[in-house]
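In order, the protein sequences belong to chains S and H.
Okay, so the first sequence: first residue is 1 according to the numbering used here, each after it adds one.
Okay, so the second sequence: first residue is 1001 according to the numbering used here, each after it adds one.
First the structure, in the form of structure tokens, and then the observations on it.
Protein chains: 2
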Amino acid sequence: MYRTHTCGELNLEQLNKNVSLAGWVQRSRDLGGMTFVDMRDRYGITQLVFNMEENRDLCLEARKLGREFVIQVTGMVTERSNKNPKLPTGDIEIVIETLRILNPAEVPPFTIENETDGGDDLRMKYRYLDLRRPTIRKNMELRHRMAQEVRRYLDSQGFFEVETPFLIKTTPEGARDFVVPSRMNLGQFYALPQSPQTFKQLLMVAGYDRYFQIVKCFRDEDLRADRQPEFTQIDCEMSFVDRNDVLDAFEGLAKHLFREVLDVEIEGAFEKMPYDTAIAEYGTDKPDLRFGMKIKELTSLVQGKEFQVFDSAEFTGGICAQGCAEYSRKELDVLTDFVKRPQIGAKGLIYIKCNEDGTFKSTVDKFFSAEELKSLADQFHAKPGDLILILAGEQSSTLNALSELRLELGTRLNLRDKNTYRPLWVVDFPLLEWNEESGRFHAMHHPFTSPKMEDLELFDTEPGKVRANAYDLVINGVEIGGGSIRIHDEKLQKLMFKNLGFTDEDAVEKFGFLMSAFRYGAPPHGGIAFGFDRWVALFAGLDSIRDVIAFPKNNSGRDMMIDTPSGISDEQLKELNLSLKY
Amino acid sequence: MYRTHTCGELNLEQLNKNVSLAGWVQRSRDLGGMTFVDMRDRYGITQLVFNMEENRDLCLEARKLGREFVIQVTGMVTERSNKNPKLPTGDIEIVIETLRILNPAEVPPFTIENETDGGDDLRMKYRYLDLRRPTIRKNMELRHRMAQEVRRYLDSQGFFEVETPFLIKTTPEGARDFVVPSRMNLGQFYALPQSPQTFKQLLMVAGYDRYFQIVKCFRDEDLRADRQPEFTQIDCEMSFVDRNDVLDAFEGLAKHLFREVLDVEIEGAFEKMPYDTAIAEYGTDKPDLRFGMKIKELTSLVQGKEFQVFDSAEFTGGICAQGCAEYSRKELDVLTDFVKRPQIGAKGLIYIKCNEDGTFKSTVDKFFSAEELKSLADQFHAKPGDLILILAGEQSSTLNALSELRLELGTRLNLRDKNTYRPLWVVDFPLLEWNEESGRFHAMHHPFTSPKMEDLELFDTEPGKVRANAYDLVINGVEIGGGSIRIHDEKLQKLMFKNLGFTDEDAVEKFGFLMSAFRYGAPPHGGIAFGFDRWVALFAGLDSIRDVIAFPKNNSGRDMMIDTPSGISDEQLKELNLSLKY
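Have a look at this one:
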């Protein structure tokens, strides 16, 4: 036995007890007659004392301890004269009797503190040291806690955890698959799942009624800042449900997590907002409802005033930033630069300042009378002191730019408090979206999403207008999860595949097993999948998922620590009958 | 809302209530004036009644319902005149007012009952129907329950669940890896983990102290009857522990599962048995302790009696089957055929019958006097009525054959009760085993296993005699899990790699990150991994893991339902710069 206690639990209750501890040297201070060592483990920090007068040899040995040495000590719990109220163990220290170095340590390549001097690449290479930093450890602890609470809750609600396979079949829809060559079936491949979608539907056909799994999924995509080739999903499915049954069930889960993990009580039902409203009022399908500042469309109101920008724009819209009329030229320039960034791509920014004296000052004074400006301001219920910001251009990109501008202002005005949570269900998404490149419709969610039954006849006339019985959970502007009621009828599934441009052969080859399953008694069903990494990041107050993943990959899909992907042996290639050339 | 209740919960408490239910038609009986339908869901079976006199149209509709149709009904809970005490809902039936067919069903290709007429291939192809059979559903429910209890217990003991990556690095040791070509790093591959071994050790270096995960692992092996290319492990690791700390912790887990899942109380500490003893007394490193019948070595006792078989044998040993002296010639022939099967490979079987009258009858009467036979019988403390069975030959294959024979007799004599559990720790395995083919030592567990410190000096003289600080948990002859104290010292790890015939370059290329981690403060640590599929199968009373896995693969590694592995498109191959020819 290496220890009687951890470094986080001793206090005055154990006074004068003999204890043994094991852990890492966080830091050591040599004050002449005394040497103090802060010893760390996962549970906390405990101060060790070595006394030169009482035990010279031991004290000299202690002075040689370097940062991150692993040691084991025995000694007596003693009251500290100089207490540290910030530490749970701050009332005591251990007067050391024996010291054993279990493993020495080289000087780490960066400091093991919350504020470290290690750059990203260095920290990733030595991730096992990075994970020692308290801030990262707390993220992992949060992730652990959330995973336990997710399962505890879903188990209590009768959900079955069922493991679905990882070696599955490549599918023609969605992102690119990672594939796995089969040695026993040469020339053939498995694919790693992008999600357990078809399996969870088959579990519903199997009558399992309520299914969940916290499961790794894989997408071979070019990685943007916040994407990982492997990510974790809370994957769920229910039978004999309509949309509101699903939303109620997972509102329950979300409230449970808020309560148990963050100690936050979310009152009342989550707001529901149709996709069209979200786009019109917030310019995005994942609005941050922590603040208002809704977008107003001004297109027809501002046309015919000889102002070319408005007259030629497909869409003009604006937002009202309360109390910002005093923004300086420089501040407005910063906002203009913000919307003109290539990622946002607006041509320019038009403002109307609602001065405290009731007058208006605007970029477009030349084209609009004071009265006309006032009537524009009234659209926003703007008050003296408010600032109206207007963008014009192609509709969807302008709405997107307004959304980004709104979020930027929300941040600047401190309207996006990290401790305020505003969950929202976005519903009634379009079922299909036109893809210019392929010249056909793609499924906005996936090809198993049910259309809204009242929109079925639109398939013949305007397929783009058919709404999906789909929903996303958005919290504070972050999409935490999404799902839908699924198709459970073979004919409707065939119609859907047809609209997606699948040939019958394609459909049978890729999803024959699902179509066949629908013929043997498939219940109505629906479900949802949550991005677990993202949900943990949200609860951790982080923007990136990287720091809630123990061993993440970089933007080239590489694990810098173990240095993978890497070459494989000729022997392995030969066994798989593969060569490295197309 | 499709239902107010499930098919498993109604009883007399809901008498005269109007309810709605949804589920599958299990069977329907048409008794002239009445039609009875058994309706099934995950939760149970409820009887529906349609009355010809009261509602002719509805009753006629009900008569058209086929097996496995999905229906929704409303009606009133009524007391049954003919109660069924076997069903929790057997006191009531529902007099149906409305019936809606949610989805019709074709006649299933096999019966959805515990005893089905479907063969293995057919059931695997339609696994979603096979999963409907109550016996399989109960296995899945057991698996769910066990997974929840594993996590609940380990969480309560301070273990962190940490997800380790699936896209890792191919390793030179162990079984064959599945590899995943990288599109972003052409010519390079990830490997799927055979276990998270190195990552869990790095989590210990990171100071996470106690880690667990229920996680999929992958091995590209030629599949024997009870192997799957993907399987599930309960993977655990602890810091600052010696062997007994680990055994205590996981004895706690095992006892918790026995208690919570099976309602079985295991009293006292689990027995510990050195590997050498297990081999000597049971002929196997996973002895079934539900019965005795230990192997006794007879080699030197039986030599010099002119019996060529014994005289030329490296090893002679036997077991004593109590009360079997009356076995007929035919029964003995069956046992002889059993040990002569190619899988076992004994040349023949020698017996000594201890007759009730104190005399002996034996295959070797010619060579052994009655007194000599008695002294052999005394080795086994045989009593009149017992049967001694003896095998001779090469040592390890003979011990193995004796082990198989012992188990066979245990089964025949009903000594292997499925409701009796005898857990055992097998300890002190050899560290290395000689591999004739490669002409070098291989790690018996894996190259990170610590030798027993007292055996270190044997490395120089007899490496094959070095014992590992390793342990297996064996229950009723099934190896449920295994683990070890790990090496945490860079020098010892290097020595180990050297003994395994790794060059320094190999070691650095494949495990450089781990060697490097050992230099920055690695704590002493150890752990264990349990075969979750096998543990569930044991608790389910099944010999095969196939029926505790929702979507298993067959012996060629194929999923018959989704028909994978399968071809991939030229476009996919091109993107990966691969061609299907070595």
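All residues carry an ideal CB built from backbone N, CA and C; glycine is no exception.
Cβ neighbours of residue i in the same chain (closer than 8 Å, five flanking residues each side left out)
i: H:C1007; result: L1021, G1023, M1039, R1040, D1041, Y1043, G1044, I1045, T1046 and T1089
i: H:Q1466; result: The question names Gln, but residue 1466 of chain H in the sequence shown is Val. Excluding residues within five positions, the ones whose Cβ falls inside 8 Å are P1430, L1431, L1432, P1451, K1452, D1455, L1456, L1458 and F1459.
i: S:D209; result: G158, F160, M238, S239 and F240
i: H:K1286; result: A1278, V1426, D1472, V1474, G1477, V1478 and E1479
i: H:L1122; result: P1109 and F1110
Sequence-distant residues of the same chain with beta carbon closer than 7 Å to residue i, five excluded per side
i: H:D1226; result: S1544 and I1545
i: H:Q1233; result: S1195, V1215, C1217, A1529, F1530, G1531 and F1532
i: S:D91; result: N11, L12, E79, R80 and K83
i: H:S1397; result: G1345
i: S:K361; result: K353 and N355
i: S:Q14; result: V77
Cβ neighbour criterion (16 or more within 10 Å) applied to residue i
i: S:P109; result: exposed
i: H:P1342; result: exposed
i: H:W1434; result: exposed
i: H:S1589; result: This structure cannot speak to residue 1589 of chain H, because chain H is shown only from 1001 to 1582.
i: H:M1001; result: exposed
i: S:L12; result: exposed
i: H:R1133; result: buried
i: H:L1167; result: buried
i: S:E505; result: exposed
i: S:Q183; result: In the sequence on display, residue 183 of chain S carries Arg and not Gln. The residue is buried, with at least 16 neighbouring Cβ atoms inside 10 Å.
Other residues of its chain near residue i: CB distance less than 6 Å, five sequence neighbours each side excluded
i: H:N1139; result: A1540, D1547 and V1548
i: H:G1075; result: I1094, V1095, I1096 and E1097
i: S:D30; result: R63
i: S:D311; result: Q303
i: H:F1258; result: V1264 and I1266
i: H:E1314; result: E1394 and Q1395
i: S:G174; result: Q194
For residue j and residue i, believed in contact at Cβ under 8 Å, the rounded distance
i: S:L538; j: S:V478; result: 5 Å
i: H:A1468; j: H:G1483; result: Rounded, the Cβ-Cβ distance is 10 Å, inconsistent with contact.
i: S:I350; j: S:T363; result: 5 Å
i: S:Q157; j: H:R1151; result: No, S:Q157 and H:R1151 are not in contact; Cβ-Cβ is about 16 Å, not under 8 Å.
i: S:A550; j: S:L500; result: Contact doesn't hold; Cβ gap of about 37 Å is too wide.
i: H:F1069; j: H:I1101; result: 6 Å
i: H:R1027; j: H:R1080; result: Actually they do not touch by this definition, with Cβ atoms about 17 Å apart.
i: S:G317; j: S:L298; result: 6 Å
i: H:A1206; j: S:Y128; result: 5 Å
i: H:P1384; j: H:N1355; result: 7 Å
i: S:M496; j: S:I487; result: 6 Å
i: S:R406; j: S:M293; result: 5 Å
i: H:R1243; j: H:G1526; result: 7 Å
As assigned by DSSP and simplified to three states, the class of residue i
i: H:C1589; result: In the structure as shown, chain H starts at 1001 and stops at 1582, and residue 1589 of chain H therefore has no counterpart that could be examined.
i: S:A529; result: strand
i: H:L1492; result: helix
i: H:K1366; result: coil
i: S:M561; result: coil
i: S:V162; result: coil
i: H:P1134; result: helix
i: H:F1178; result: coil
i: S:Y2; result: coil
Residue i Cβ short of 7 Å to the ligand MN heavy atom set
i: S:V107; result: The model depicted lacks the ligand MN and carries no ligand whatsoever.
Residue-level contact to chain A via CB, residue i, 8 Å cutoff
i: S:A443; result: Considering every chain present, this structure includes no chain A. Its protein chains are S and H.
Where the segment 1152-1172 of chain H meets chain S: residues whose CB sits under 7 Å from a CB there: So the list reads D1155, F1160, E1161, V1162, E1163, T1164, P1165, F1166, L1167, I1168, K1169 and T1170, given in the order they occur along the chain.
Residues of the segment 301-330 of chain S whose Cβ lies closer than 8 Å to any Cβ of chain H, in chain order: Nothing from the segment 301-330 of chain S brings a Cβ to less than 8 Å from some Cβ of chain H.
Selection of the segment 93-112 of chain S by Cβ proximity to chain H, strictly under 7 Å: For the segment 93-112 of chain S, the set of positions with a beta-carbon nearer than 7 Å to some beta-carbon of chain H reads L102, N103, A105, E106 and P108 in chain order.
Near-chain S residues of the segment 1499-1532 of chain H (beta-carbon distance less than 7 Å), N- to C-terminal order: For the segment 1499-1532 of chain H, the residues whose beta carbon sits under 7 Å from a beta carbon of chain S are, in order, F1513, A1517, R1519, Y1520, G1521, A1522, P1523 and P1524.
Residues in the segment 1569-1581 of chain H having any Cβ partner in chain S nearer than 7 Å: Residues passing the 7 Å Cβ filter: Q1572, L1573, K1574, N1577, L1578, S1579, L1580 and K1581.
Chain S contacts from the segment 1064-1088 of chain H (Cβ-Cβ distance under 7 Å): Contact residues of the segment 1064-1088 of chain H toward chain S are E1068, F1069 and V1070 (C-beta to C-beta distance below 7 Å).
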